[in-house]
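What follows is a short report on a single structure.
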Amino acid sequence: MASLGRLGGALRAGGRLFGSTVKRQQGVRQAGGGVHIEPHYRQRVKLTKSQVIKAEFLSGFMWFWILWHFWHSPSEVLGHFPYPDPSKWTDEELGLPSEDE
Numbered sequence: 078m079a080s081l082g083r084l085g086g087a088l089r090a091g092g093r094l095f096g097s098t099v100k101r102q103q104g105v106r107q108a109g110g111g112v113h114i115e116p117h118y119r120q121r122v123k124l125t126k127s128q129v130i131k132a133e134f135l136s137g138f139m140w141f142w143i144l145w146h147f148w149h150s151p152s153e154v155l156g157h158f159p160y161p162d163p164s165k166w167t168d169e170e171l172g173l174p175s176e177d178e
């Protein structure tokens with residue numbers, strides 16, 4: 078019984094050592110006050126010239142990338158297998174009744 082008492086004391090001491098709660102400060106938002114972008118109800122957001130130039134460049138590069146790869150490796154888009162020739166399909170494959178009936 079005495080050994081259980083000593084074990085309990087050791088567990089309590091270990092719990093205090095490893096399970097101690099450290100008081101942490103609550104995070105404070107330091108946004109500089111106010112809204113960064115004012116809301117505009119039913120109005121377009123005013124873009125800067127730099128934003129327009131960057132958007133035009135990125136969209137142009139995107140289309141260049143897509144069309145370049147479509148032109149130089151069309152099998153990636155259209156598939157790697159040859160397109161089937163419909164003139165060689167049988168009536169059975171098309172689900173048509175035979176001409177005998």
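Numbering (the working numbering) for the sequence shown: 78 to 178.
Using N, Cα and C, we set each Cβ at its ideal position, and we do this for glycine too.
As the structure is a prediction and not an experimental result, all values here were calculated from the model.
Take the alpha-carbon of Trp140 and the one of Glu153: they are about 16 Å apart. In the DSSP annotation of this structure, the continuous segment of the alpha helix (DSSP H) that includes Leu155 starts and ends at 152-155. Membership of Ile114 in any alpha helix (DSSP H) is not indicated, and neither H nor E is assigned to it by DSSP.
Here Asp168 carries a helix assignment [DSSP, helix/strand/coil]. Straight-line spacing of the CA atoms in Gly172 and Asp162 works out to 16 Å. With contacts defined as CB atoms closer than 9 Å, Ala132 and Leu144 fail to qualify as a contacting pair.
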